[in-house]
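Below is one structure; the comments refer to it alone.
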């Protein structure tokens, strides 16, 4: 039996490792920095569309904040005069690994806050652990409304809106453009995100246009790659629009293959996450595609000081405009900054405690590149925002895609009222929507 | 002292030592070790099969069944006692292993691996299609109680850790007994030459069916413990890469001894966690390199290190 | 009627895709008895290589016709290169070890190569759509078919026929058949098994890369494409019988047609089709449809 010595060795190894890690983080400046753990996909298929842009967004915003160069009121250095130090962690791996890494960030690395998580599964798994460890955790992307609906949370916040509004707004936009639509189809990936998106969309359409029927309901598996059979099925349909929540790789593959077979001549695509690919697809994305960006992000962003600033610094550094995960990361960091600084002001001086930041985070409003954010749902833990949809048009002179015909929807029009479950709200006909 | 007795004693001492130091271990290491030891039970089951020459690429099937059994009991009933729910996980996984065993026990080599993979992927597909259970997002697992006592705060993690250790100790002891039984001793002969074993009047298919059920139960317990520790279950627990991870640890540990499963699993989790920390974008490369070097230079796994050391000592004296 | 026609054409296209990604795998398994997980890496490297080649070629405005050939050759050259590195660098040290251990070696290399892709090409995705756009489409009734897809079916047929011809009628092919049937006897008759192994592995690697190259125009070349292909190729090969080229062809056809039928008739089942077919076939023919007779040693 060898376990004795190897165990001693592994424990010693890990202790030595912890020692090394904390020695590395010896403060360079006089005040210890605010430590943020940033978790996002750095490997796997979600890295290129979501993980890397959001990491870039975090890097550039943190750099600007540390230099005190963001537009007012965000022009104080770091968080309340203290510089921010970020550590980036990969979200890829099993749920057990994601939870283990979260614990490592909080307990081993003693992060002041964790900002992250793209997958809804990660968020659902991390939430109870964050509550247990009383660790301030800010989600920047994961879409599921379940987090604050299942239970009231104290330490967990999600400043960007959840995914419900993507599909309720999509239905409203489609009906604004095609009042008498009779038949529509959908192609969504067979996993939680695709299933939820399709259910929300069909539910919203039923409430708003009871006469519109669903023809084809396609659910290929995630990362299927080859969509020949799906495209043939759609070619035999008389649908007037095709709803999809495809993103990045699958979306691009589907667009290439369906373009080659003339599907866009039969029905336009209504894509809730199309924005993430328009800079790459250029003229391969058919004109007339309805573009969603999971909120008023990217080309749908309102023209204000923050959106101009963010777009400029991001484009200068990375040579491509930011996409929606980058916007949502920027939004989340700015929200955390507002909460942190108001807690600090209340306290008078010194670093605010986690509980103090949590108390001043609840229910705040702040400006972000994608417009005003109000932490209105989930007892002030879940943000809502106005959203927008538009129509894609390729500009040959500029060799660049444009989104035209943009239509904005107020937050209260496309989000459930506080205290109501998103699924039930849609099923009951979206009562109380203020449009 | 005889060899087995000495091993059991050493093993028991090691478990007591690992349990006793827990309150002084950093909390993140406790959580990491909890997952590592829960997974080690699955690896223990794989070692049983590997001694016979069988390597399933679908052991995640039973792992996920154990985990979902615990999660579903928590969701739909008021039963919370950890021993009851883990027993349920073990039973469901055992039944599943018994049923698929009728098909799987006829297969060998790579065909066995492929068919078990297909089985686990069918379960994965079913779980993904079950939208009421959150599809790929999965759902929360209710915290367990210990005979009515509900641990809070730091004690929650520690009690789950001790629970995992307790199960590990009992299972390790039972499996080492099994290895010394007639059925267990026949593993290597089956691997070397099945027909000769048949000629001894023993049904190889039935023996393999038995091993499948045993390894399925172990995987079910591992999954149940992992569900309680992580407090979340999702269909990825049944995906083939999860099975691949277990096979990875089995090779890292080696089939030599029961204890190696636990050490191998802990080393695996530590290497992975440290790699993620140091090179967040390229940690898979480090894992792959460790696996490759192990196979090339430590063909019998980490477990063989101790044997080598002892032989060297014996030769010196 | 239209649906039946669509099922057949879609099934054929999907089968062609499956066959092209599975044929290299089955060849390597047949000869070397290695279930090669790095096949997914060959596919991914082939796709990335083809995308790079497409960039080089089409950015210079060179004619479309040569572009596809250049992409395929470029991809196969990359396949050859990493094939040599893997076989000479690691695999030859583990010949003769337990089959499963060798699988794990290829799994380890696969993990490493996944990150090598990130190091070479970065985490962004690539496109190589030009050949498919250039090929155009034809209308058959209400359906529009892509000519590139038809070309894919023809290519799969050519590869299958060439494979069969090479195995049956060339000197090297017959040597290969001998090694497939019994390695030890082949060695005893003076066949240099090591060379046969190396050559087979390289051909398999090039076929895997070719699979990636022909799919590159249809998909977004991005991280993780290799993982998806591995299980798909394994399933096709297991259904057809490990190591049989005819088997891979039939397996690909069965899976392709079943999947197309599922998408058209009961789309909810699409997720299960491939595994259900695999479990069903293996339930009746434990070693696949075209498995060779296994001698048992007493």
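Chains as they are written, first to last, in our numbering: chain A, 958 to 1392; chain B, 402 to 718; chain C, 34 to 331. Beta carbons are placed, not taken as given, at the ideal position from N, Cα and C, and that holds for glycine.
Proximity of residue 685 of chain B to chain C, defined by a Cβ-Cβ separation below 8 Å, is satisfied. If the five residues before and after residue 1015 of chain A are omitted, its C-beta is found closer than 6 Å to the C-beta atoms of 995, 1286, all from its own chain and listed in chain order. The beta-carbon of residue 213 of chain C is placed no less than 8 Å from the nearest beta-carbon of chain B. When Cβ-Cβ separations below 8 Å define contact, residue 304 of chain C makes contact with chain A. The alpha-carbon of residue 434 of chain B is positioned some 34 Å away from that of residue 126 of chain C. For the pair residue 445 of chain B and residue 572 of chain B, the CB atoms are nearer than the 8 Å cut-off. Among the residues of the stretch 448–479 of chain B, none has a Cβ less than 7 Å away from any Cβ of chain A. Chain B has no Cβ within less than 8 Å of the Cβ of residue 1072 of chain A. DSSP, read as helix, strand or coil, puts residue 995 of chain A in strand. Where residue 1333 of chain A is concerned, the enclosing beta strand (DSSP E) starts and stops at 1328–1334. Against chain B, a Cβ distance below 9 Å from residue 1045 of chain A picks out 681, 682.
Beta-bridge annotation (DSSP): residue 1365 of chain A is paired with A:1345. Nearest to residue 1195 of chain A by C-alpha distance, out of C:255, C:176, C:92, is C:176. Under the Cβ distance rule, residue 151 of chain C counts among the residues neighbouring chain B, one pair being separated by less than 8 Å. The beta carbons of residue 1041 of chain A and residue 1023 of chain A sit about 6 Å from each other, so the pair counts as a contact at 8 Å. Contacts between residue 166 of chain C and chain A, judged by CB atoms closer than 9 Å, involve 1213, 1216, 1217, 1241 in chain order. Pairing residue 1175 of chain A with residue 44 of chain C, the inter-Cα distance amounts to about 17 Å.
With 16 or more neighbouring CB atoms inside 10 Å of its own CB, residue 1178 of chain A falls in the buried class. Per DSSP, residue 1121 of chain A is one residue of the alpha helix (DSSP H) stretching across 1121–1134.
Contact of residue 123 of chain C with chain B by beta-carbon distance below 8 Å involves 693, 697. Setting aside the 5 residues that flank it on each side, residue 990 of chain A is surrounded in the same chain by 984, 1035, 1039, 1040, 1041, 1042, each with a C-beta closer than 8 Å to its C-beta; the list follows chain order. The continuous alpha helix (DSSP H) containing residue 1303 of chain A extends over residues 1281–1304.
In this chain, the beta strand (DSSP E) harbouring residue 1228 of chain A covers 1226–1228. Here residue 1114 of chain A carries a strand assignment [DSSP, helix/strand/coil]. Going by C-alpha positions, residue 566 of chain B is about 35 Å away from residue 1101 of chain A. At a C-beta separation below 7 Å, residue 677 of chain B has these neighbours in chain A: 1046, 1047, 1058. Of all residues in the stretch 131–161 of chain C, those with a C-beta nearer than 8 Å to a C-beta of chain A are 147, 148, 151, 156, 157, 158, 160, reading in chain order. Annotation: residue 72 of chain C has no Cβ neighbours in chain A at a cutoff of 7 Å; minimum Cβ distance is about 15 Å. Annotation for residue 1014 of chain A: no beta strand (DSSP E) segment contains it, though the alpha helix (DSSP H) segment containing it runs 1009–1023. Sequence-distant Cβ neighbours of residue 40 of chain C in its own chain, meaning closer than 6 Å and more than five residues away, are 293, 294, 297. When rounded, the separation of the alpha-carbon atoms in residue 608 of chain B and residue 580 of chain B is 13 Å. Taking all protein chains shown into account, residue 1340 of chain A has 16 or more neighbouring C-beta atoms within 10 Å of its C-beta and is therefore buried. Scanning chain C for C-beta atoms nearer than 8 Å to the C-beta of residue 1273 of chain A yields nothing, as the closest lies near 18 Å away. Distance check between residue 146 of chain C and each of C:311, C:291, C:312, C:259 places C:259 closest, using alpha-carbon atoms only.
Collapsing the DSSP output to three states places residue 1380 of chain A in a helix.
When secondary structure is reduced to three states using DSSP, residue 1197 of chain A falls in the coil class, being assigned neither helix nor strand.
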